[in-house]
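Enquirer:
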Amino acid sequence: MHQHDFKVQTSWQGGRNNVGNVQGDILSENISIPASLGGVGIGTNPDEMLVSAASSCYIISLASTLERAKFTDISIEQQSIGTACLNNGKFSMSKIVHHLTLKFQVIK
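For the sequence shown, my numbering begins at 67 and goes up steadily by one.
Rendered as structure tokens:
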């Protein structure tokens, strides 16, 4: 079994309406609460990052599966939508839906 650790360093100073930073081996991004939720809206936010992670995992897994099944000239376009809910003061991501367009050829 091959194991890999993905390390991310996150920093935040101050209260709710401030700006933090998340940094990985390649990723470096400011983070804050979105303006649409009453925050400062600078950089990305945890919800957008969660939907991005789910979307990228799904599309890469699909491409790998199609390649192993001998499909070629694979082209995938995908839009992912995360639906967040605020219920009784509790914020949650209720669903993430992926809409995709897939083009490929089959090797016979």
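Beta carbons are placed, not taken as given, at the ideal position from N, Cα and C, and that holds for glycine. Owing to the predicted nature of the structure, the values given are computational and were not obtained by experimental measurement.
1. Grab me the residues of Tyr124's own chain with a C-beta within less than 6 Å of its C-beta, minus the 5 sequence neighbours each way, in chain order.
2. For the 8 Å Cβ check, are there 3 or more pairs between the segment 109-117 and the segment 140-154?
3. Leaving out five residues before and five after Val87 in sequence, what residues of the same chain have Cβ atoms less than 6 Å from its Cβ?
4. Less than 7 Å between C-beta atoms, sequence neighbours within five positions excluded: which residues of the same chain meet that for Glu143?
5. For a cutoff of 8 Å on Cβ pairs, would you count Ser102 as touching chain B?
Expert: The answer reads as follows:
1. As a position in the sequence shown, residue 124 is number 58, starting the count at 1. When the five nearest sequence neighbours on each side are left out, the beta carbons in the same chain lying within less than 6 Å of the beta carbon of Tyr124 are those of His164, in order along the chain.
2. Verdict: yes, contact present.
3. Translated into positions along the sequence shown, residue 87 becomes position 21. Inspection of the sequence shows that residue 87 is occupied by Asn rather than by Val. If we look at Asn87 and ignore the five residues flanking it on each side, its Cβ neighbours are Ser77 and Asn96.
4. By one-based count along the sequence shown, residue 143 stands at place 77. Correct list, in chain order: Leu166 and Thr167.
5. Of the protein chains in this structure there is only one, and it is not chain B.
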